[in-house]
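>
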Amino acid sequence: MHFFLQLRDLMTYGSWSPFTLEKLMAHKRAKLQQNAAESVTDEALCSSIVGSATRTNEAWNTRAEVLEHQGSGYVQETFMLYLLPSLLVTTLTFMFEVRPWRQNGKQAKE
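The sequence shown maps to residues 11 to 120 in the numbering used here.
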């Protein structure tokens, strides 16, 4: 899962590590200076970063509310997150460990 989050960061932000303080401040300063005629102070820059960090994403809020009304909670989400990988690991284990052992046992009996 960590790899997929890093891949998403690369696709979205164009960098493997887009969240360093220097990069964040440079990006936010450039964005604020496009809208302002004068230079942006460090205080305004920090205030803008804190403001954007505390503001939630409306699309995410809407999705969370829909899932809440459907009754999808933490336990169900966790179960669904681990169900497919667990089945995959179990199937692969069976294929690579149990089946060859059974075949070797049949050959030994013959």
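In this text, a Cβ means the ideal position worked out from N, Cα and C, and glycines have one as well.
Below 7 Å, is the gap between the Cβ of His37 and the nearest heavy atom of the ligand SAM?
What this structure holds is no ligand at all, so the ligand SAM is not there to describe.
> Could you give the first and the last residue of the continuous alpha helix (DSSP H) run that contains Glu121?
Summary: the structure shown does not reach residue 121, with the chain confined to residues 11 through 120, and so no result is reported for it.
> Is the segment 22-42 close to the segment 50-68, with three or more CB pairs under 8 Å?
Yes: at least three Cβ pairs fall under 8 Å.
> Indicate the three-state DSSP secondary structure (helix, strand or coil) for Ala47 in the structure shown.
Position 37 of the sequence shown, counted from the first residue, corresponds to residue 47. Residue state, collapsed to three classes: coil.
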